[in-house]
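Trainee: Sequence order for the protein chains is A and B. Those letters in the first sequence? Residues 31 to 239, by this note's numbering. Those letters in the second sequence? Residues 31 to 239, by this note's numbering. Think of the CB as a built atom: it goes at the ideal place given N, C-alpha and C, for glycine as much as any other residue. What you are looking at is a predicted structure, and each value in this text was computed from that prediction instead of being measured. Provided herewith is a single structure, encoded as structure tokens, for subsequent inquiry.
Protein chains: 2
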Amino acid sequence: MSDKKEKEVDPSTEEKIKNAARALFHQKGYSGTRTRDIAEAAGINLALLNYYFRSKQKLFELVMIEGLLEFVGSITKVFDDSTTTLEEKIRLLASNYIDMLSEQPDMPLFVLSELRSHPDTFLSKMNPQEFLMNSSFIKQYQQSVMEGKIAAIHPLQFIMNLIGMIVFPFIVSPMIKAIGNLDTADYKVLMQQRKTLIPIWIEEMMQVK
Amino acid sequence: MSDKKEKEVDPSTEEKIKNAARALFHQKGYSGTRTRDIAEAAGINLALLNYYFRSKQKLFELVMIEGLLEFVGSITKVFDDSTTTLEEKIRLLASNYIDMLSEQPDMPLFVLSELRSHPDTFLSKMNPQEFLMNSSFIKQYQQSVMEGKIAAIHPLQFIMNLIGMIVFPFIVSPMIKAIGNLDTADYKVLMQQRKTLIPIWIEEMMQVK
DNA sequence: GTCTATATACGGATAGAC
DNA sequence: GTCTATCCGTATATAGAC
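Here you go:
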């Protein structure tokens, strides 16, 4: 029973470092994080960090790429599925995204923040334009506009509203907690409620007047 | 004509430093900004920075407090005005906030990002709970809910939606520009349109079904 | 008030033993 | 693979002349 899977019994040293790095980078950003702290959090020595990953920079890029892929990737996957309706996509997006962010609440602020410092280092190589603007979502959206089913506003305006309603609460969580005097558990409840509320709000918002 | 106002002819050295610091801090965050760069951007010497402000830390706190006050303050001012209706407040908020952010687009990401690193260093001393939760806005909101005029959802959920629709587009601007292949001018147009669109969307969203 | 030169500390990275 | 000890660049801050 103990020799069945040697693989995941205990996270490998490499994994431990990456996990510690992710947590710290997400919380304090690139330049706010010290390699010494990563090493300590991972329970290993500073030299080992450079042994596995050549430099702080390389380790950072790894975490950053992962974050970006998760941030953009989780949208594109839903957006590009032609077997679901527009309404289903919205519901799926809210549900999946909120679950993901509940586990990594600091990720979006980290990604967006670092993206501002190093503007096109990352965006240029992943080219999100292709994926999103030609996605099934946009086609269905424009189709519905043409049929007069929903109000005619710029797709980007709509996407900003939708993604914003999902992501923004995680970005301002410290402020909202302070304002509403909520603890982390209270906050999670509010977020869970949004999984069902957002699709409703969006539908109301899109109606032609 | 030239000796009328000696006050604002040319920004004082202190002002020049603070302006340079604000721009750089907003763009690169606290630990990503070097005092040398601030000095250079201000057109003065490094030693002068420490002469006017005792340390990088002190200078940062100044900029940070200013940002927080502007971020929270511009909300509270509108929220607390009992002479305007709920609908007017929403319109004012969108309009004022978007104008402000158009001039300092990097401010919210900076404030929120640094707030995460130093969680209660700042929020604890400004106590936004008092102001917001007892504001005229919340009272009018709850009044409308009781009268059945608008849907009954938690005020914080509603505030997150409203503020998020205003602020979030500025936070993801690099991404949206990349996706939509927009330049800065295009983007500003989208933001201006939101000044009139957001109140409409919000009203739709709030309607009882 | 403003500068040049410098002290001091800190953080990333490597050498080399085990 | 993992450690200790150390090197070295870089960034903040100050001393002291003008």
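#1: Kindly give me the distance between the Cβ atoms of SER143 of chain A and LEU139 of chain B, rounded to whole angstroms, as I take these residues to be in contact under 8 Å.
#2: Could you check if ALA77 of chain A is buried or exposed, using at least 16 other CB atoms within 10 Å of its CB as the buried criterion?
#3: Residues of chain A with a CB under 7 Å from the CB of GLU234 of chain B: which are they?
#4: Against chain B, with Cβ distances strictly below 7 Å, would ARG201 of chain A count as a contact?
#5: Looking at the structure shown, is GLN134 of chain A part of a helix, part of a strand, or coil, going by DSSP?
#6: Output, in chain order, the set of chain A residues within a Cβ distance shorter than 7 Å of ALA208 of chain B.
#7: Quick check: what's the CA-CA separation for LYS218 of chain A versus LEU186 of chain B?
#8: With a CB to CB cut of under 7 Å and the five nearest residues on each side skipped, what residues in its chain are close to SER174 of chain B?
#9: Can you give the Cα-Cα distance for THR104 of chain A and ILE206 of chain A, rounded to whole angstroms?
#10: ASN191 of chain A lies in the alpha helix (DSSP H); which residues open and close that run?
#11: Compare the C-beta of PHE198 of chain A with all C-beta atoms of chain B and state if any pair is closer than 7 Å.
#12: In terms of residues, what are the limits of the alpha helix (DSSP H) holding SER165 of chain A?
#13: What residue does the alpha helix (DSSP H) around PRO149 of chain A start on, and which one ends it?
#14: Nearest chain A C-beta to PRO241 of chain B closer than 7 Å, yes or no?
#15: DSSP three-state label for ILE74 of chain B, please.
#16: With a cut-off of 8 Å on the beta carbons, I'd call THR106 of chain B and PHE161 of chain B a contact; round off their distance for me.
#17: With a threshold of 6 Å, establish whether the CB of VAL238 of chain A neighbours any heavy atom of the ligand MG.
#18: Let me confirm a value: LEU192 of chain A is counted as buried when at least 16 other C-beta atoms fall within 10 Å, else exposed. Which label applies?
#19: What do you get for PRO199 of chain B, buried or exposed, if any count of 16 or more other CB atoms within 10 angstroms of its CB means buried?
#20: Considering TYR217 of chain A, what are the terminal residues of the alpha helix (DSSP H) in which it resides?
#21: What residues in the segment 57-78 of chain A bring their beta carbon closer than 7 Å to a beta carbon of chain B?
#22: CA-CA distance, HIS148 of chain A and GLY62 of chain B?
#23: Pick from B:MET236, B:ILE228, B:LYS225 and B:LEU99: whose alpha carbon is nearest that of PHE152 of chain B?
#24: LYS146 of chain A: which of B:VAL39, B:ASN157 and B:MET137 sits nearest, CA to CA?
#25: Using a Cβ cut-off of 8 Å, which residues of the segment 215-228 of chain B contact any Cβ in chain A, in chain order?
#26: Which residues of chain A have a Cβ atom closer than 8 Å to the Cβ of SER85 of chain B, listed in chain order?
#27: Buried or exposed for LYS88 of chain B, going by 16 or more other Cβ atoms inside 10 Å?
#28: Could you name each continuous alpha helix (DSSP H) segment of 4 residues or more that falls completely within the segment 43-128 of chain A, going from the start of the chain to the end?
#29: Quick one, which residues of the segment 171-186 of chain A are near chain B if we go by CB-CB under 8 Å, in chain order?
#30: Any beta carbon from chain B within less than 7 Å of GLY97 of chain A's own beta carbon?
#31: Can you pull the chain B neighbours of ASN211 of chain A, defined as C-beta to C-beta under 7 Å?
#32: Buried or exposed: which applies to HIS56 of chain A, given that a residue is buried once 16 or more other Cβ atoms fall within 10 Å of its Cβ?
#33: On the CB-based measure, 16 or more other CB atoms within 10 Å of its CB, does VAL39 of chain B come out buried or exposed?
#34: Can you round the beta-carbon distance between LYS225 of chain A and ALA124 of chain A to whole angstroms, since I take them to be within the 8 Å contact cut?
Mentor: This is what the structure gives:
#1: 6 Å
#2: exposed
#3: GLU234, MET235 and GLN237
#4: Sequence check: residue 201 of chain A is Ile here, not Arg. Yes, contact with chain B.
#5: coil
#6: LEU153, PRO158 and GLN159
#7: 13 Å
#8: LEU116 and ILE180
#9: Strictly speaking, residue 104 of chain A in this sequence is Ser, with Thr absent from that position. Roughly 25 Å between the two C-alpha positions.
#10: 185-201
#11: yes
#12: No alpha helix (DSSP H) holds SER165 of chain A; DSSP gives it neither H nor E.
#13: 149-156
#14: Only positions 31 to 239 of chain B appear in this structure, which leaves residue 241 of chain B out of reach.
#15: coil
#16: 5 Å
#17: Although the ligand MG was asked about, the structure shown includes no ligands whatsoever.
#18: buried
#19: buried
#20: 214-236
#21: GLN57, LYS58, GLY59, SER61 and GLY62
#22: 11 Å
#23: B:LEU99
#24: The sequence shown places Arg at residue 146 of chain A, rather than the Lys named in the question. The shortest Cα separation from ARG146 of chain A among B:VAL39, B:ASN157 and B:MET137 belongs to B:MET137.
#25: LEU220, GLN223, ARG224 and LEU227
#26: Residues of chain A passing the Cβ test: none, with the nearest at roughly 17 Å.
#27: exposed
#28: 43-58, 65-72, 76-82 and 86-109
#29: ILE183, HIS184 and LEU186
#30: no
#31: GLN159
#32: buried
#33: exposed
#34: 5 Å
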